[in-house]
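Numbering (the UniProt record's numbering), first residue to last: 1 to 206. Don't be surprised by glycine CBs; every beta carbon is placed ideally from N, CA and C. Here the structure is a predicted model, which is why all the values come from computation and not from measurement.
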Amino acid sequence: MIFGIKGRILVGVGIFAGALIAFYLAIYLPGIRYRETLNFKILQQNARLIKLKEKFVELKRLKEENQKIRQKLVSLEGKLKGTETSFLYELGIRGRIYRIEYLDITPLSRIEEKYYFRTPVKIHLYGKYHNLGMLISDMIKRGGAGSFTIDDILLKSSSKKGYTIEGNLTLSLYRYKEPSFPGSVVMSRIGSLPGDNLKETTRRKR
């Protein structure tokens, strides 16, 4: 016999140990690495799902906010007509650009003056001082939507996150009357505020 009993045992143990090492290197260790890689990918996918869920919640919030703005605009359009509605629509659009948050916009009863109609509007808002100035300046430049004046403005520091001021404004929107007396009369405004001189030119009928 080539090997004795002891030699056979040693050979058997060696073969078994070799098989274990081969199994560990060829199957078990790659399996561990694969599971680690798979777990890492699962963690990545979970992180993406969490981000997608957060974006979905944010999108839903923005849709609800947009719906509220639309409802508010519909309500305002029911109260105002013509240039006044256009002005408030522009005010809402520009407010979003300059990050102004309107808590309330309340048009009051229209007042009839000699040459024009005046509609007071009370506005409660949050914003930043510089942004509010830019909004007002922008609306003045866009005066085609209807002339207006700022009758009263009260600003105070805001504790709301993202804003530095809380403001209460009272505006007056103006719409000039069409001539209602006989004859063809052309009225041209010199300036855009009430109280400015009105030039009247009467054309005689030939």
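| query | result |
| --- | --- |
| Alpha-carbon spacing of residue 150 relative to residue 53, whole angstroms | 44 Å |
| Span of the beta strand (DSSP E) around residue 103 | 101-107 |
| DSSP bridge partner residues for residue 171 (one or two, in chain order) | 121 and 150 |
| The segment 62-71 touching the segment 30-37, judged by at least three CB pairs closer than 8 Å | no |
| Proximity of residue 171 and residue 121 at Cβ, strictly below 7 Å | yes |
| DSSP state of residue 68 mapped onto helix, strand, coil | helix |
| Check whether residue 102 and residue 125 have beta carbons under 7 Å apart | yes |
| Where the alpha helix (DSSP H) through residue 159 begins and ends | Careful: residue 159 lies outside any alpha helix (DSSP H) and carries neither H nor E. |
| As assigned by DSSP and simplified to three states, the class of residue 126 | strand |
| Residues of its chain near residue 167, where Cβ-Cβ distance is below 6 Å and the 5 sequence neighbours each way are ignored | 125 and 155 |
| C-beta contact flag for residue 119 and residue 173 at 7 Å | yes |
| Residues that DSSP places opposite residue 111 in a beta bridge | 118 |
| Residues that DSSP places opposite residue 93 in a beta bridge | Answer is none; residue 93 lacks a bridge partner. |
| Residues near residue 131 by beta carbon distance below 8 Å, same chain, minus five either side | 98, 99 and 100 |
| Inter-residue spacing [alpha-carbon to alpha-carbon] between residue 147 and residue 48 | 50 Å |
| Cα-Cα separation, residue 112 to residue 56 | 49 Å |
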